[in-house]
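Structure record follows, encoded as structure tokens.
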Amino acid sequence: MSDIQVMLVDDEELIRDAVSFYFQAKGFRILTVPGGEECLSLLEDGFRGVILMDVMMPRMDGWRTIREMVERGLHPGNAIVMLTALDEPDERMEGLQEYIIDYMTKPFDPQALLDSVLYYSKLLGSGYPNHV
Amino acid sequence: MRTTHRTNKMIALLATALVAGLFFVLYDDFNHLSGVQRERVVEKQIFFDQMVAMKSDPLRRLVLDYSFWDDMVKFVARPDPRWAQGNIDSNFASYQHDALWIFRPNGELVYSVNRAGKGLEHRAPFPLPTGNMGLLFAAKEKFTHFFVATGQGVMEVFGAGIYSPGNVERRGEPAGFFLSGMLWGRAHIGELSYLTRGVVMLQSPEQAGADGEWDPRSGEISFTRALAGIDGKPVKTLVVRMETPDIQQLAREMGNNALIGTALVAVLAVLVVFVLVSRQRLRNANSNLDAAQRTAQLGSWQREVERGICSWSDNLYRVLGLPIKGTVPGLETFYSLVHPEDLSRVRETIERSVREKSGYEIEFRLVRPDGAVRTMRSKGEACLVEGGNTCVVGSTQDITEQSLMESKLSTLIRQKDAFIVRLGHDLKSPLTPLMALLPLVRERCADAEAARMLDICRTSASHIERITAKTLKLVRFSSPLASADLERVPLAAVVDGAINRYAGLMARESIVCKNEISPAIGVHAVSTQIEELFANLISNAVHFSPKGSVIRITAGEDAQGVMASVRDEGAGLEPDQLENIFEEFYKEDEARHELGRPGLGLTICRQIVFNHGGSIWAESPGRGKGTTIRIRLPHAENVMNIVPEGASTCLTSRSCSSMTKN
Numbered sequence: 034m035s036d037i038q039v040m041l042v043d044d045e046e047l048i049r050d051a052v053s054f055y056f057q058a059k060g061f062r063i064l065t066v067p068g069g070e071e072c073l074s075l076l077e078d079g080f081r082g083v084i085l086m087d088v089m090m091p092r093m094d095g096w097r098t099i100r101e102m103v104e105r106g107l108h109p110g111n112a113i114v115m116l117t118a119l120d121e122p123d124e125r126m127e128g129l130q131e132y133i134i135d136y137m138t139k140p141f142d143p144q145a146l147l148d149s150v151l152y153y154s155k156l157l158g159s160g161y162p163n164h165v
Numbered sequence: 004m005r006t007t008h009r010t011n012k013m014i015a016l017l018a019t020a021l022v023a024g025l026f027f028v029l030y031d032d033f034n035h036l037s038g039v040q041r042e043r044v045v046e047k048q049i050f051f052d053q054m055v056a057m058k059s060d061p062l063r064r065l066v067l068d069y070s071f072w073d074d075m076v077k078f079v080a081r082p083d084p085r086w087a088q089g090n091i092d093s094n095f096a097s098y099q100h101d102a103l104w105i106f107r108p109n110g111e112l113v114y115s116v117n118r119a120g121k122g123l124e125h126r127a128p129f130p131l132p133t134g135n136m137g138l139l140f141a142a143k144e145k146f147t148h149f150f151v152a153t154g155q156g157v158m159e160v161f162g163a164g165i166y167s168p169g170n171v172e173r174r175g176e177p178a179g180f181f182l183s184g185m186l187w188g189r190a191h192i193g194e195l196s197y198l199t200r201g202v203v204m205l206q207s208p209e210q211a212g213a214d215g216e217w218d219p220r221s222g223e224i225s226f227t228r229a230l231a232g233i234d235g236k237p238v239k240t241l242v243v244r245m246e247t248p249d250i251q252q253l254a255r256e257m258g259n260n261a262l263i264g265t266a267l268v269a270v271l272a273v274l275v276v277f278v279l280v281s282r283q284r285l286r287n288a289n290s291n292l293d294a295a296q297r298t299a300q301l302g303s304w305q306r307e308v309e310r311g312i313c314s315w316s317d318n319l320y321r322v323l324g325l326p327i328k329g330t331v332p333g334l335e336t337f338y339s340l341v342h343p344e345d346l347s348r349v350r351e352t353i354e355r356s357v358r359e360k361s362g363y364e365i366e367f368r369l370v371r372p373d374g375a376v377r378t379m380r381s382k383g384e385a386c387l388v389e390g391g392n393t394c395v396v397g398s399t400q401d402i403t404e405q406s407l408m409e410s411k412l413s414t415l416i417r418q419k420d421a422f423i424v425r426l427g428h429d430l431k432s433p434l435t436p437l438m439a440l441l442p443l444v445r446e447r448c449a450d451a452e453a454a455r456m457l458d459i460c461r462t463s464a465s466h467i468e469r470i471t472a473k474t475l476k477l478v479r480f481s482s483p484l485a486s487a488d489l490e491r492v493p494l495a496a497v498v499d500g501a502i503n504r505y506a507g508l509m510a511r512e513s514i515v516c517k518n519e520i521s522p523a524i525g526v527h528a529v530s531t532q533i534e535e536l537f538a539n540l541i542s543n544a545v546h547f548s549p550k551g552s553v554i555r556i557t558a559g560e561d562a563q564g565v566m567a568s569v570r571d572e573g574a575g576l577e578p579d580q581l582e583n584i585f586e587e588f589y590k591e592d593e594a595r596h597e598l599g600r601p602g603l604g605l606t607i608c609r610q611i612v613f614n615h616g617g618s619i620w621a622e623s624p625g626r627g628k629g630t631t632i633r634i635r636l637p638h639a640e641n642v643m644n645i646v647p648e649g650a651s652t653c654l655t656s657r658s659c660s661s662m663t664k665n
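Protein sequence lines, in the order shown, are assigned to chains A and B.
Following our numbering, the numbering of the first sequence begins with 34 at its first residue and continues without gaps.
Following our numbering, the numbering of the second sequence begins with 4 at its first residue and continues without gaps.
Right, dumping it as structure tokens:
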């Protein structure tokens, strides 16, 4: 696990802090960034791992960030889990489904989130995603 | 509609003919009667005149029939001293010497009356001309007493009166007046003769009174003549009534005719009143209809296709913005107003309806002559009428304001939904850290009381989360389904998925949920919604079921669709709760204080079922006896609430009015 990194992209500071607290309390490290631009620059810097991506963010939302990521070829080696307060997928995700590994609605159960992250980390460790 | 006045004319003609006929009949009757009456009056007049003449000339008649006078006798005592008068009446008959007048040659009259055997004598001077005592005497035959005239100027008269001494000079020749009641002309001294019982003085006939009059009521002709004495003063009035049987018959006939005529006129009057009242009612009904149409901004019309005859209600002209006068109602007039962009669609719809003899409903824009563009809704029904012709009947309503309102309402509902979604999102985001951190804090909390408080906080946060989630779901499911979203959903598999959501909970409660649906059964639906539907029903059933009980899910299929049911052995429902449980936030009393159940689950179920054109209802034998929720989902072709591909969403599909049991 230690070599698999986890990044939370969310404009809500409270959520970033809360998830950080929880992960740290459970002995895991998590990077948090407030927006798509920061996420992309971390990816440019070589981040690979599980990305927990909020959908609704100012300036650059989750979908645009993923689109950008794909366009820049930064997506391989990452597992993207979408976090949203909305109940259902929206039309903006059209064409991006294949880059998304999971979809979690807020408010999520922190343990379930952690379990997912661990699960996808293992997947990544075993060669996921294989479509790229 | 425009009406003719044919009925009016008929009634007027009939009334005129009847009244005219009646008038002629009565006029003829009247003329005939008048003629006969005139004849009779003349006849009777002659008779009467003869009678009067006869009574005025007793001397002529007395010889023939004395009794003729009996009815005329009336003596009146006169105070005039120049007259001596004896009243001859019934008393007279019982006395032999009832009265005695003695005229003396010196002009003295000795008047003696003997009443009841008591002699009275009266003397008075009487200017009786001397030497002319060819006096009169008479006695009715029943009198035993005879009268004797002395010829010396003394007359003894028994039972008679002397009225006009002047007449003695003209004895035997009545000249206008006379000593009535006495046999004049036979008054020779020493002769005896009869005297009638009475004396009447009459004037000459030519001074008589009115002619005969006909009394229409009794049918009699009456003649009246004032009879005067010699002095010209009235003595009595002679009234003679004579019956006229033929006139009476005629009068009866005339009365009958008049009666029949009156009855006919009455019948006609009743008829006229009836027609007038009916017409008034019709006018009122038309007026009410027009008022109703004005209020509804609706006009009605009717068209006979083959004959090309159109009739429009008054308000249709107003709705179309056309003047009532001068507009020819017709399909072309109507087409000329339809918005050019909608014209071909409208034309096609109407022509198809005529061709297929079917109904139609269409909304379109209409450009009024003043340039105003209005939205209209036209409904029509074409049908065959007698003779194989086609008649189209329908209405056209101005729904501009209505559609504007609907559009506004639709916007408002969208805004409301957007607001709820936004609110849900805004609630969910801050809930995330709360939900994430509360368990952590709880884990680190050593103080048992603080830990309990944190549990409460966590439960409350969960509750907020659930309400938010359910509300968002309800909003999401409120959107009508698009036909493209529908697919054949294998019911048993979807129900299995829903059961699995609560597998852990059911295991803890030792509740068994049996999915007894045949794998062959499928519904034409949106899979996620059907799973949500059964998940909600199972959640409810589990919640109200006692430990160790069984929940059964079954389904059957027929020509109309699929009927599924979820039956539990739980708390059951009272009859009055059966309808209410589907209402938003409804909770039966026992669950009322349960924060964990927002009361939206069955509302979501109802919405989902409605989306699929089905119905849902609850059945329960009573409290504590379990509940069965039944769902009917129609087959694809029977689904009414699905928006066809490419169509705009319809506001009314939000309504859940078809949710009733059927």
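C-beta atoms are modelled at their ideal positions from N, C-alpha and C, and glycine is treated no differently.
Source: prediction; values computed, not measured.
Identify whether residue i lies in helix, strand or coil by the three-state DSSP scheme.
i: residue 628 of chain B; result: coil
i: residue 529 of chain B; result: coil
i: residue 95 of chain A; result: helix
i: residue 445 of chain B; result: helix
i: residue 332 of chain B; result: coil
i: residue 585 of chain B; result: coil
i: residue 284 of chain B; result: helix
i: residue 607 of chain B; result: helix
i: residue 372 of chain B; result: coil
i: residue 224 of chain B; result: strand
i: residue 518 of chain B; result: strand
i: residue 621 of chain B; result: strand
i: residue 137 of chain A; result: strand
i: residue 490 of chain B; result: strand
Can you tell me which of the options puts its alpha carbon nearest to the alpha carbon of residue i?
i: residue 563 of chain B; options: B/551, B/527, B/21 and B/548; result: B/527
i: residue 136 of chain A; options: A/151, A/144 and A/117; result: A/117
i: residue 436 of chain B; options: A/42, A/38 and A/53; result: A/53
i: residue 537 of chain B; options: B/469, B/223 and B/498; result: B/498
i: residue 130 of chain A; options: A/145, A/146 and A/108; result: A/108
i: residue 1 of chain B; options: B/619, B/33, B/612 and B/550; result: Lying before the first or after the last residue shown, residue 1 of chain B is absent from chain B, which here runs from 4 to 665.
i: residue 534 of chain B; options: B/254, B/503, B/283 and B/602; result: B/503
i: residue 151 of chain A; options: A/50, A/63 and A/46; result: A/63
i: residue 41 of chain B; options: B/20, B/223 and B/489; result: B/223
i: residue 479 of chain B; options: B/468, B/283, B/424 and B/415; result: B/424
i: residue 512 of chain B; options: B/585, B/487 and B/550; result: B/550
i: residue 44 of chain A; options: B/445, B/429, B/621 and B/486; result: B/429
i: residue 667 of chain B; options: B/338, B/530 and B/45; result: The question about residue 667 of chain B has no answer, for chain B in this structure spans 4 to 665.
i: residue 555 of chain B; options: B/281, B/432 and B/632; result: B/632
i: residue 744 of chain B; options: A/110, A/68, A/60 and A/48; result: Outside the displayed range of chain B (4 to 665) lies residue 744 of chain B, so it cannot be described from this structure.
i: residue 519 of chain B; options: B/566, B/216, B/474 and B/476; result: B/566
Is residue i buried or exposed, if buried means 16 or more other CB atoms sit within 10 Å of its CB?
i: residue 617 of chain B; result: buried
i: residue 539 of chain B; result: buried
i: residue 35 of chain B; result: exposed
i: residue 265 of chain B; result: exposed
i: residue 338 of chain B; result: exposed
i: residue 16 of chain B; result: exposed
i: residue 202 of chain B; result: Here residue 202 of chain B scores only 32 on pLDDT, less than 50, and its place in the model should not be relied on; the value that follows carries that caveat. Looking at its Cβ environment, which holds 16 or more other Cβ atoms inside 10 Å, residue 202 of chain B is buried.
Less than 8 angstroms between the CB atoms is what I'm expecting for residue i and residue j, so what's the real figure, rounded?
i: residue 545 of chain B; j: residue 509 of chain B; result: 6 angstroms
i: residue 634 of chain B; j: residue 619 of chain B; result: 5 angstroms
i: residue 357 of chain B; j: residue 385 of chain B; result: 5 angstroms
i: residue 81 of chain A; j: residue 111 of chain A; result: 6 angstroms
i: residue 271 of chain B; j: residue 21 of chain B; result: 5 angstroms
i: residue 383 of chain B; j: residue 362 of chain B; result: 7 angstroms
Contact the segment 338-345 of chain B vs the segment 368-383 of chain B: 3+ CB pairs below 8 angstroms: yes
Using 8 angstroms as the Cβ pair cut-off and three pairs as the minimum, do the segment 404-411 of chain B and the segment 89-102 of chain A touch? no
Specify whether the segment 456-473 of chain B and the segment 390-408 of chain B touch according to this definition: at least 3 beta carbon pairs, one from each stretch, less than 8 angstroms apart. no
If you pair each beta-carbon of the segment 567-587 of chain B with each one of the segment 623-638 of chain B, do three or more pairs fall below 8 angstroms? yes
Stretch-stretch touch, CB-based, cutoff 8 angstroms, three pairs: the segment 281-290 of chain B with the segment 303-312 of chain B: no
Are at least three pairs of beta-carbons, each pair with one atom in the segment 313-321 of chain B and one in the segment 289-300 of chain B, less than 8 angstroms apart? yes
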